[in-house]
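Since the structure comes first, as structure tokens, the remarks are kept for the end.
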Amino acid sequence: MSEKRCPWCLGSEIYEAYHDEEWGVPVRDDLALFEMLNLEGAQAGLSWITVLKKRDTYRKAFHNFDPKRIVKYTDQDIARLMADPGIVRNRLKIYAVIENARLYLEMQKQGVSFSEYLWSFVGNKPIQNKLESLRDVQPSTPESDAMSKDLKKRGFKFVGSTICYAFMQAVGMVNDHLVTCPRYKQVAKLS
Numbered sequence: 185m186s187e188k189r190c191p192w193c194l195g196s197e198i199y200e201a202y203h204d205e206e207w208g209v210p211v212r213d214d215l216a217l218f219e220m221l222n223l224e225g226a227q228a229g230l231s232w233i234t235v236l237k238k239r240d241t242y243r244k245a246f247h248n249f250d251p252k253r254i255v256k257y258t259d260q261d262i263a264r265l266m267a268d269p270g271i272v273r274n275r276l277k278i279y280a281v282i283e284n285a286r287l288y289l290e291m292q293k294q295g296v297s298f299s300e301y302l303w304s305f306v307g308n309k310p311i312q313n314k315l316e317s318l319r320d321v322q323p324s325t326p327e328s329d330a331m332s333k334d335l336k337k338r339g340f341k342f343v344g345s346t347i348c349y350a351f352m353q354a355v356g357m358v359n360d361h362l363v364t365c366p367r368y369k370q371v372a373k374l375s
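The opening position of the sequence shown corresponds to residue 185 in our numbering, with each subsequent residue numbered one higher.
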């Protein structure tokens, strides 16, 4: 990929691969969306690359983000997670994943598709922004505000509007590749 890729990913092989292969690609799988929402929550107060580097360890530590396993976590599991240097060892963030798993399963029992629910905040179709510079990127939008408000009302944790917007960018609900980036058109075609 040329030097015109989005500048936020430059200088790191893992960041560039994430940008080139994943970021902005529409995701419709319930479990993949559950994982990403929790990873974005883990990133709160940190840089995304910190969590990205720990993602494989997160998957092992949280049983591939299987909500049915996560809701059964005991105090021993919490202690195991708090001792794992491969994840962000923040007790509130760990408890958030467990609570979010419970709420995810509750939605499933009610017949609510997590994917359909989340995608409803963008009218079930990716928003195609036309950003020319990183200065044009907003930290939140009315859509992320609405998603955050509703998730919080349901009891989800670490789902502020800024976290929700970063999540929306990551899972392709919003195409925030710069228009000069080759990925902009590639991702737009996927929607």
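Beta carbons: idealized from backbone N, C-alpha and C, even for Gly. A quick note: this is a predicted structure, and the numbers were derived from the prediction, not measured.
For the stretch 320-334 against the stretch 259-266, are there 3 or more C-beta pairs whose distance is under 8 Å?
No contact exists between the stretch 320-334 and the stretch 259-266.
Sort out for me which residues DSSP pairs N359 with in a bridge.
Residue numbering aside, residue 359 sits at position 175 when the sequence shown is read from its first letter. DSSP output for N359 lists Q312 as bridge partner(s).
Would you kindly work out how many angstroms separate the C-alpha atoms of S297 and L194, rounded to a whole number?
Here residue 297 is taken as the residue at index 113 of the sequence shown, counted from 1. Here residue 194 is taken as the residue at index 10 of the sequence shown, counted from 1. For S297 and L194, the distance between alpha carbons rounds to 36 Å.
DSSP three-state label for T353, please.
Locating residue 353 in the sequence shown gives position 169, counting from the first residue. A quick correction: the sequence has Gln, not Thr, at residue 353. Three-state DSSP puts Q353 in a helix.
On the premise that V363 lies in contact with L315, defined as a C-beta separation below 8 Å, what is that separation, rounded to the nearest angstrom?
The sequence position of residue 315 within the sequence shown is 131, counting from 1. The sequence position of residue 363 within the sequence shown is 179, counting from 1. Between V363 and L315 the Cβ distance is about 7 Å, and since that is below 8 Å, they are a contact.
Would T234 and V272 be called neighbours here (beta carbons separated by less than 9 Å)?
Within the sequence shown, numbered from 1, the residue matching residue 234 stands at position 50. Within the sequence shown, numbered from 1, the residue matching residue 272 stands at position 88. In contact: T234 and V272 (Cβ atoms closer than 9 Å).
Starting from D214, trace the alpha helix (DSSP H) in both directions and tell me its first and last residue.
Taking the sequence shown and counting its residues from 1, one reaches residue 214 at position 30. Counting along the chain, the alpha helix (DSSP H) containing D214 begins and ends at D214 to Q227.
Under a Cβ-count criterion, where at least 16 other Cβ atoms within 10 Å of its own Cβ denotes burial, should N222 be classed as buried or exposed?
In the sequence shown, the residue the question calls residue 222 occupies position 38. Buried is the call here.
Checking 9 Å against the spacing of the C-beta atoms, do F342 and K277 come in under that value?
For this step, residue 342 is matched to residue 158 along the sequence shown. For this step, residue 277 is matched to residue 93 along the sequence shown. Yes, these two residues count as a Cβ contact at 9 Å.
For S304, which option in V358, D268 and V321 has the closest C-alpha, if you only look at C-alpha atoms?
The residue labelled residue 304 in the question sits at position 120 within the sequence shown. Here the closest residue by C-alpha is V358.
With a CB to CB cut of under 6 Å and the five nearest residues on each side skipped, what residues in its chain are close to D268?
Here residue 268 refers to the residue found at position 84 of the sequence shown. Here the set comprises A245.
How many whole angstroms separate the CB atoms of S299 and D360, which I take to be in contact at a CB cut-off of 8 Å?
The sequence position of residue 299 within the sequence shown is 115, counting from 1. The sequence position of residue 360 within the sequence shown is 176, counting from 1. Incorrect: roughly 20 Å between the Cβ atoms, too far for contact.
Is it buried or exposed for E205, if we count other Cβ within 10 angstroms and need 16 for buried?
As a position in the sequence shown, residue 205 is number 21, starting the count at 1. It counts as exposed.
Is it the case that the Cβ atoms of I254 and A285 are separated by a distance below 9 Å?
As a working note, residue 254 is residue 70 in the sequence shown. As a working note, residue 285 is residue 101 in the sequence shown. In contact: I254 and A285 (Cβ atoms closer than 9 Å).
Return the Cβ separation of A216 and I347 in integer angstroms, given the expectation that the two are a contact with Cβ distance under 8 Å.
Residue mapping note: residue 216 aligns to position 32 of the sequence shown, counting from 1. Residue mapping note: residue 347 aligns to position 163 of the sequence shown, counting from 1. Between I347 and A216 the Cβ distance is about 17 Å, and since that is not below 8 Å, they are no contact.
Is the CB-CB distance between G307 and G208 below 9 Å?
By one-based count along the sequence shown, residue 307 stands at place 123. By one-based count along the sequence shown, residue 208 stands at place 24. Contact: no.
Give the secondary structure of Y279 by DSSP, where H, G and I count as helix, E and B as strand, and everything else as coil.
Translated into positions along the sequence shown, residue 279 becomes position 95. Helix at Y279.
Buried or exposed for G295, going by 16 or more other Cβ atoms inside 10 Å?
Taking the first residue of the sequence shown as 1, we reach residue 295 at position 111. Its Cβ having fewer than 16 others within 10 Å, G295 is exposed.
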